[in-house]
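Visitor: After the structure tokens below, expect a handful of questions from me.
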């Protein structure tokens, strides 16, 4: 897997290796080979070991392929999106599903919801609307270090509801480093709090909306594919946004009051620099205004859709979140930008840069989940846990949340969610509880890895800035991990149980 490279205007650059290989040392051909072949051997061995079960060939093959995909995802032996293509080839070859059946989940409507969200975010990034929103908010907070950190975290979390966590963290770090460059050099802890606050707020904010981070959409698609009640955009806001609203101020308080206390004395230079950057943007351009209007209309339609269904079913009965997102993206492709160079607000060159691999990862996870259900593997897994029927659900929720939070410190949260949702759904059936009791904390916990630079792209981005050490990130992230576990367990127990 080739390294990914980001560059910032503040001359920051860094390289990310696959997570598993980053944890065990320098990348070598031996380690790459180990990460590739070990899951393959384990899959073959498991296929043979399950011959004594009640499963037919297709079920045993599904287990083997699930182990192979899970191993490659966790070790990133292949690019995540490449591993996600495995069902398209393996399921027809092993008689698990026809090519059409294997491919159908890759076109699930929630994948296109995320595509629409990506395209709208691409238009915002093309015209730097997200930067204007950030600077407008930051220019109003004054020069007290705790207030500056709070403003950066609040803006980062809000943008992460709509724009990818990675892009948000990159942009906000660029602004933060320029502020630090003109601020007092020796103000203790300010730089550490600022950059950690950005990283953590990007992950926390993404939990709040259905398109904020891939695990949320994977859960919604998995539930709908399994015949459960569809999770709408507004429905997820009621579940994920309260978690973000609770965790964000706790995170700010923990960083600025407990772990790295800040002096509230006004800071020289920082506020003036933000105001200067805001003025340099100039007046809002016509293209920015048009993107903002479309964005606001799409967000309003997502929130008002249930009411529109009830009020005018004859007109809006077929309207759903995916239709709204794609319609908004099409409008951006169609309306002119209003600038001299011409062209539409959103062009295909900008659209090409969206993370297409994430969409394939969605499809691969859903295709695998469908096979686990249709071949009887889910029933077999569930039967192994019937002995836990007497265990209180809160204990199970705590164990699952703890496991996922710390597992995602070294693995992709998207791949972890795709791999574990079908497993925990089967466990819930075996224990005799509603699947959402385990699926919701699994999804939320996948976004709560705060200790390690390799845990999330925002963590890696701020670590590469050189403004925070591994020890500092671990120290703050460990406590935030524990706090997030408590909040997720409490929220799940109140909402679902």
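Numbering (our numbering), first residue to last: -19 to 477.
All C-beta atoms in this analysis are idealised placements derived from N, C-alpha and C, irrespective of residue type, glycine included.
For residue 105, report the span of its alpha helix (DSSP H) as first-last.
Guide: Translated into the one-based positions of the chain shown, residue 105 becomes position 125. 89 to 106 is the extent of the alpha helix (DSSP H) around residue 105.
Visitor: Using the Cα positions of residue 268 and residue 107, report the straight-line distance between them to the nearest angstrom.
Guide: What you label residue 268 is simply residue 288 of the chain shown in a count that begins at 1. What you label residue 107 is simply residue 127 of the chain shown in a count that begins at 1. Their Cα atoms are separated by approximately 6 Å.
Visitor: Look at the alpha carbon of residue 397 and the alpha carbon of residue 28, and state the distance between them as a whole number of angstroms.
Guide: For the purposes of this step, residue 397 is identified with residue 417 of the chain shown, where counting begins at 1. For the purposes of this step, residue 28 is identified with residue 48 of the chain shown, where counting begins at 1. Taking the straight line joining both Cα atoms gives about 27 Å.
Visitor: Whose C-alpha, out of 463, 292, 278, is nearest the C-alpha of residue 96?
Guide: Start at 1 with the first residue of the chain shown, and residue 96 comes out as number 116. Checked all of 463, 292, 278; the closest Cα to residue 96 is 278.
Visitor: Contact defined as beta carbons within less than 8 Å: I believe residue 288 pairs with residue 299. What is the distance between those atoms, to the nearest angstrom?
Guide: Counting from 1 along the chain shown, the entry for residue 288 is found at position 308. Counting from 1 along the chain shown, the entry for residue 299 is found at position 319. Indeed they touch by this definition, with Cβ atoms about 6 Å apart.
Visitor: Tell me which same chain residues have a C-beta within less than 8 Å of the C-beta of residue 321, skipping the five on either side of it?
Guide: Here residue 321 is taken as the residue at index 341 of the chain shown, counted from 1. None.
Visitor: Exposed or buried, residue 180, counting other C-beta atoms within 10 Å across all chains shown (16 or more means buried)?
Guide: As a working mapping, residue 180 is identified with position 200 in the chain shown. With 16 or more Cβ atoms within 10 Å of its Cβ, residue 180 is classed as buried.
Visitor: Quick check on residue 13: buried or exposed, where buried means 16 or more other Cβ atoms within 10 Å of its Cβ?
Guide: Here residue 13 refers to the residue found at position 33 of the chain shown. It is exposed - the Cβ of residue 13 has fewer than 16 other Cβ atoms within 10 Å.
Visitor: Quick one, which of 229, 371, 66 has its alpha-carbon nearest residue 126's?
Guide: In the chain shown, residue 126 corresponds to position 146, counting from 1. The candidate whose alpha carbon is nearest that of residue 126 is 229.
Visitor: Once you ignore the five residues that flank residue 374 on each side, which residues in its own chain have a CB closer than 6 Å to its CB?
Guide: Your numbering for residue 374 matches position 394 in the chain shown. Cβ within range, chain order: 473.
Visitor: Please list the segments of the alpha helix (DSSP H) lying wholly inside the stretch 259 to 346, counting only runs of 4 or more residues, in order along the chain.
Guide: 266 to 291, 293 to 296, 301 to 314, 328 to 331
Visitor: Among 31, 73, 15, 37, whose alpha-carbon lies nearest the alpha-carbon of residue 50?
Guide: In the chain shown, the residue the question calls residue 50 occupies position 70. The option with the nearest alpha carbon to residue 50 is 15.
Visitor: Would you call residue 468 buried or exposed, if buried means 16 or more other Cβ atoms sit within 10 Å of its Cβ?
Guide: The count along the chain shown starts at 1 and reaches residue 468 at position 488. By the 16-neighbour rule on beta-carbons within 10 angstroms, residue 468 is buried.
Visitor: Please state the DSSP three-state secondary structure of residue 2.
Guide: Here residue 2 is taken as the residue at index 22 of the chain shown, counted from 1. Its pLDDT being 46, under 50, residue 2 is placed unreliably in this model, and the value from its coordinates should be taken loosely. Helix, per DSSP.
Visitor: Would you kindly report the start and end of the unbroken alpha helix (DSSP H) that includes residue 365?
Guide: As a working note, residue 365 is residue 385 in the chain shown. Segment: none, residue 365 is in no alpha helix (DSSP H) and carries neither H nor E.
Visitor: Would residue 192 pass as a contact of residue 124 if the rule is Cβ separation under 8 Å?
Guide: As a position in the chain shown, residue 192 is number 212, starting the count at 1. As a position in the chain shown, residue 124 is number 144, starting the count at 1. Going by C-beta atoms, residue 192 is not nearer than 8 Å to residue 124.
Visitor: What separation, rounded to the nearest whole angstrom, lies between the Cα atoms of residue 434 and residue 444?
Guide: The sequence position of residue 434 within the chain shown is 454, counting from 1. The sequence position of residue 444 within the chain shown is 464, counting from 1. Residue 434 and residue 444: Cα-Cα distance of roughly 11 Å.
Visitor: Please report the Cβ distance between residue 88 and residue 346, rounded to the nearest whole angstrom; I am assuming they are in contact, meaning their Cβ atoms lie under 8 Å.
Guide: As a position in the chain shown, residue 88 is number 108, starting the count at 1. As a position in the chain shown, residue 346 is number 366, starting the count at 1. The pair is a contact, with the Cβ atoms about 6 Å apart (cut-off 8 Å).
Visitor: What does the alpha-carbon distance come out to for the pair residue 457 and residue 348?
Guide: In the chain shown, the residue the question calls residue 457 occupies position 477. In the chain shown, the residue the question calls residue 348 occupies position 368. When rounded, the distance between both Cα atoms is 32 Å.
Visitor: My assumption, with CB atoms under 8 Å, is that residue 480 sits in contact with residue 411. Please give the rounded CB distance.
Guide: Past the edges of the chain, shown from -19 to 477, lies residue 480, and the structure says nothing about it.
Visitor: For the stretch 60 to 70 against the stretch 78 to 94, do three or more pairs of beta-carbon atoms, one drawn from each stretch, fall closer than 8 Å, so that the two count as touching?
Guide: yes
Visitor: How far does the alpha helix (DSSP H) with residue 219 in it extend, from its first residue to its last?
Guide: Reading the chain shown from its first residue, position 239 is the one you call residue 219. Counting along the chain, the alpha helix (DSSP H) containing residue 219 begins and ends at 213 to 233.
Visitor: Look up residue 186 in the DSSP assignment and say whether it is helix, strand or coil.
Guide: For the purposes of this step, residue 186 is taken as residue 206 along the chain shown, with counting starting at 1. DSSP places residue 186 in helix when its eight states are reduced to three.
Visitor: DSSP on residue 391, reduced to helix/strand/coil?
Guide: Within the chain shown, residue 391 is the residue found at index 411, counting from 1. The answer is coil: DSSP assigns residue 391 none of H, G, I, E or B.
Visitor: On the three-state DSSP scale, how would you describe residue 237?
Guide: Counting from one through the chain shown, the residue named residue 237 turns up at place 257. Of the three classes helix, strand and coil, the one that applies to residue 237 here is helix, per DSSP.
Visitor: Using CA coordinates, which residue listed in 37, 58, 38, 199 is at the minimum distance from residue 20?
Guide: Mapped onto the chain shown, residue 20 falls at position 40. Comparing Cα-Cα distances from residue 20 to each of 37, 58, 38, 199, the minimum goes to 58.
Visitor: Do you know how far the Cα of residue 465 is from the Cα of residue 218?
Guide: What you label residue 218 is simply residue 238 of the chain shown in a count that begins at 1. What you label residue 465 is simply residue 485 of the chain shown in a count that begins at 1. Whole-angstrom Cα-Cα distance: 19 Å.
Visitor: In chain order, what residues of the same chain lie with their CB nearer than 6 Å to the CB of residue 130, ignoring the 5 residues before and after it?
Guide: Looking up residue 130 in the chain shown gives position 150. When the five nearest sequence neighbours on each side are left out, the beta carbons in the same chain lying within less than 6 Å of the beta carbon of residue 130 are those of 232, in order along the chain.
Visitor: Compute the Euclidean distance between the alpha carbons of residue 119 and residue 60, then round it to the nearest angstrom.
Guide: Residue numbering aside, residue 119 sits at position 139 when the chain shown is read from its first letter. Residue numbering aside, residue 60 sits at position 80 when the chain shown is read from its first letter. Going by the C-alpha atoms only, they are around 39 Å apart.
Visitor: Whose C-beta lies closer than 6 Å to the C-beta of residue 23 among residues of the same chain, with five residues either side of it excluded?
Guide: Start at 1 with the first residue of the chain shown, and residue 23 comes out as number 43. Closer than 6 Å at Cβ, skipping near neighbours: 44, 47, 48.
Visitor: DSSP on residue 243, reduced to helix/strand/coil?
Guide: Numbered from its first residue, the chain shown carries residue 243 at position 263. Correct three-state label for residue 243: coil.
Visitor: In three-state DSSP terms, what is residue 17?
Guide: Residue 17 sits at position 37 when you count from the first residue of the chain shown. When DSSP states are grouped into helix, strand and coil, residue 17 belongs to the helix group.
Visitor: Does residue 276 pass the burial test, meaning 16 or more other C-beta atoms within 10 Å, or should it be called exposed?
Guide: The sequence position of residue 276 within the chain shown is 296, counting from 1. With fewer than 16 Cβ atoms within 10 Å of its Cβ, residue 276 is classed as exposed.
Visitor: Spell out a yes or no on whether the stretch 197 to 214 and the stretch 150 to 163 are touching, meaning 3 or more CB-CB pairs, one atom from each, closer than 8 Å.
Guide: Using a Cβ-Cβ distance cut-off of 8 Å, the stretch 197 to 214 and the stretch 150 to 163 are not in contact, since fewer than three pairs of beta carbons, one from each stretch, lie closer than that value.
Visitor: Using only alpha-carbon positions, find the residue among 188, 351, 393, 446 that is nearest to residue 225.
Guide: The residue labelled residue 225 in the question sits at position 245 within the chain shown. With distances taken between Cα atoms, residue 225 lies closest to 188.
Visitor: Residue 112 and residue 264 look like a contact to me (Cβ under 8 Å); what is the Cβ gap, rounded to whole Å?
Guide: Numbered from 1 along the chain shown, position 132 holds the residue referred to as residue 112. Numbered from 1 along the chain shown, position 284 holds the residue referred to as residue 264. Their Cβ separation, rounded to whole angstroms, is 7 Å, which keeps residue 112 and residue 264 in contact under 8 Å.
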